[in-house]
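Count along the sequence shown from 1, then add 592; that gives the number in the numbering used here.
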Amino acid sequence: MARIVVIEDEPELARGLRDNLEFEGYTVAHGATAADGLQLVAAEPTDLVLLDIMLPDQDGFEVCRRLRAGGYRMPIIMLSARSQELDKVRGLELGADDYVTKPFSLRELLARVHAALRRAAPKPGAGAAEFRVGERVVDLARQVVRHGRTETPLGYYETEILRMLFERAGEAVGRAELLERIWGVGLGPADRTVDNHIVSLRRKLEPDPKRPRHILTAHAVGYKLVV
Ligand code: CA
Numbered sequence: 593m594a595r596i597v598v599i600e601d602e603p604e605l606a607r608g609l610r611d612n613l614e615f616e617g618y619t620v621a622h623g624a625t626a627a628d629g630l631q632l633v634a635a636e637p638t639d640l641v642l643l644d645i646m647l648p649d650q651d652g653f654e655v656c657r658r659l660r661a662g663g664y665r666m667p668i669i670m671l672s673a674r675s676q677e678l679d680k681v682r683g684l685e686l687g688a689d690d691y692v693t694k695p696f697s698l699r700e701l702l703a704r705v706h707a708a709l710r711r712a713a714p715k716p717g718a719g720a721a722e723f724r725v726g727e728r729v730v731d732l733a734r735q736v737v738r739h740g741r742t743e744t745p746l747g748y749y750e751t752e753i754l755r756m757l758f759e760r761a762g763e764a765v766g767r768a769e770l771l772e773r774i775w776g777v778g779l780g781p782a783d784r785t786v787d788n789h790i791v792s793l794r795r796k797l798e799p800d801p802k803r804p805r806h807i808l809t810a811h812a813v814g815y816k817l818v819v
C-alpha cells in the first residue's frame, strides 16, 4: 500500500488529511515542520508527498528543492495558500508536480493523489527513455534534462508531458487530452495547469524561453514538440 508523507503545520488540516488518506487505505506519516518531513521521507520508501508551502522552519519550495536534489522522484503535490501563477511556476521549476490551493476540496485532492500514484506506477516496456531536444537531452527514466554537465530535475508531470509530446513529436497535442491522460481530470474553463507546466518546461529546455523553438504553442489547441 502506498505511503504518503504529509508535511503540514496546521494541526486541523493535517488531521483531516491523515484521516481521509488512511480511510482510502494509504499509510500516512505526518511531519509539522520541514525538518520532520524530510526525515520521514528519508526514513522509509515514500510514494507521494503532500507539502505545505508556509512551514515554521523552511518553506515548501526549499523542501521540494532538497528532495529533488537528494534524488527523490516521487510525485510532490504542494498545498498552497497563495494562488499567484508566479509561485506555481517557481514550485514546478523546483520539481513539484501539482498544486492545490487552500481551501481545497478533499475530494479533488484525493482524485489528484490517486491520479499521481496511478501514473507514477512503473510502466513496463515504456518507449525510448532518452531523446535530444536541441542541445539538451531529456532522460525520462531519471527525470532530468542534461545540458553539458548540468542536470536539471524534471517534475513528475513535466516528464509525462514531455513523454506524450515526444511520442507525437511535430504534432499538436491538445490541453484537454494532456489533462485527461496525465491528470485524469477534464479541462476546466480557466484551467492553467498545463500552461504552467509548459512555462516551467520551456525554462528548462529552451535556450530562450521567451522565444520557444522546441515546445511550440499550437494556437487555441495545445502544444507541440519540435526536437
Ligand atoms: Ca502552513
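By construction, the Cβ of each residue, glycine as well, lies at the ideal position given by its N, Cα and C atoms.
### Task
Locate the beta strand (DSSP E) running through Leu702, then write down its first and last residues.
Premise fails: Leu702 lies in the alpha helix (DSSP H), 698–712, not in any beta strand (DSSP E).
#### Entry: Minimum C-alpha distance to Gly824 - residue among Lys802, Leu808, Val813, Arg795
What the structure shows of the chain is the stretch from 593 to 819, and residue 824 is not part of that stretch, so it cannot be assessed.
### Query
Between the region 624–637 and the region 697–707, are three or more C-beta pairs nearer than 8 Å?
The region 624–637 is not in contact with the region 697–707.
#### Entry: Alpha-carbon to alpha-carbon, Glu722 and Pro716
The predicted position of Pro716 is uncertain, since its pLDDT is 48 and thus under 50; a value taken from the coordinates is nonetheless stated next. Taking the straight line joining both Cα atoms gives about 16 Å.
### Query
Can you pull every residue whose C-beta falls closer than 6 Å to some heavy atom of ligand 1, listed in chain order?
That query returns the following residues: Asp601, Glu602, Asp644, Met646, Leu647.
### Message
Give me, in chain order, the residues of the same chain whose beta-carbon lies closer than 7 Å to that of Arg773; leave out the 5 immediate sequence neighbours on both sides.
### Response
Listed in chain order, the non-local C-beta contacts of Arg773 below 7 Å within the same chain comprise Met756, local neighbours out to five positions each way being set aside.
### Query
Is Glu604 near ligand 3, in the sense that its beta carbon is under 7 Å from a heavy atom of that ligand?
With respect to ligand 3, the structure shown offers nothing to examine, as its ligands consist of ligand 1.
### Message
Only counting the same chain, and skipping five residues up and downstream in sequence, which positions put a Cβ closer than 7 Å to that of Asp651?
### Response
Hits under 7 Å: Ile645.
#### Entry: Extent of the continuous beta strand (DSSP E) run through His789
In the DSSP annotation of this structure, His789 is not part of any beta strand (DSSP E); the continuous alpha helix (DSSP H) holding it starts and ends at 785–797.
### Task
Give me whichever residues DSSP pairs with Val620 in a beta bridge.
Per the DSSP secondary-structure output, Val620 pairs in a beta bridge with Ile596.
### Query
So which of Glu743, Asp783, Thr751 has the shortest CA-CA distance to Ala733?
The shortest Cα separation from Ala733 among Glu743, Asp783, Thr751 belongs to Thr751.
### Task
Excluding the 5 residues preceding and the 5 following Ala768 in the sequence, name in chain order all residues of the same chain whose CB lies nearer than 6 Å to its CB.
Excluding the 5 residues flanking it on each side, Ala768 has same chain C-beta neighbours closer than 6 Å at Leu779, in chain order.
### Query
Given Tyr691, which residues of its chain have a CB within under 6 Å of its CB, disregarding the five upstream and five downstream residues?
These residues qualify, in order along the chain: Met670, Ser672, Lys680.
### Message
Against chain B, with Cβ distances strictly below 8 Å, would Lys816 count as a contact?
### Response
In the structure shown, chain B cannot be found, because there is only a single protein chain.
### Message
Between which two residues does the alpha helix (DSSP H) holding Gly652 run?
### Response
Start and end: 652–661.
### Task
Give the single residue among Leu746, Met593, Thr744, Asp787 whose Cα lies nearest to the Cα of Val765.
Considering only Leu746, Met593, Thr744, Asp787, the residue with the shortest C-alpha distance to Val765 is Asp787.
### Query
Which first and last residues belong to the beta strand (DSSP E) in which Ile753 is found?
Where Ile753 is concerned, there is no enclosing beta strand (DSSP E), although the alpha helix (DSSP H) it sits in stretches over 748–759.
### Task
Could you tell me the distance, in whole angstroms, from the CA atom of Thr742 to the CA atom of Val620?
Near 35 Å, if we compare the C-alpha coordinates of Val620 and Thr742.
### Query
Got a sec, what are the start and stop residues for the alpha helix (DSSP H) Leu732 sits in?
For Leu732, there is no enclosing alpha helix (DSSP H), as DSSP gives it neither H nor E.
### Query
Relative to the C-alpha of Glu700, which residue among Tyr749, Glu727, Leu613 is closest?
Closest by C-alpha distance to Glu700, out of Tyr749, Glu727, Leu613, is Leu613.
### Task
Would you identify the three-state DSSP class for Glu685, choosing helix, strand or coil?
Three-state DSSP puts Glu685 in a helix.
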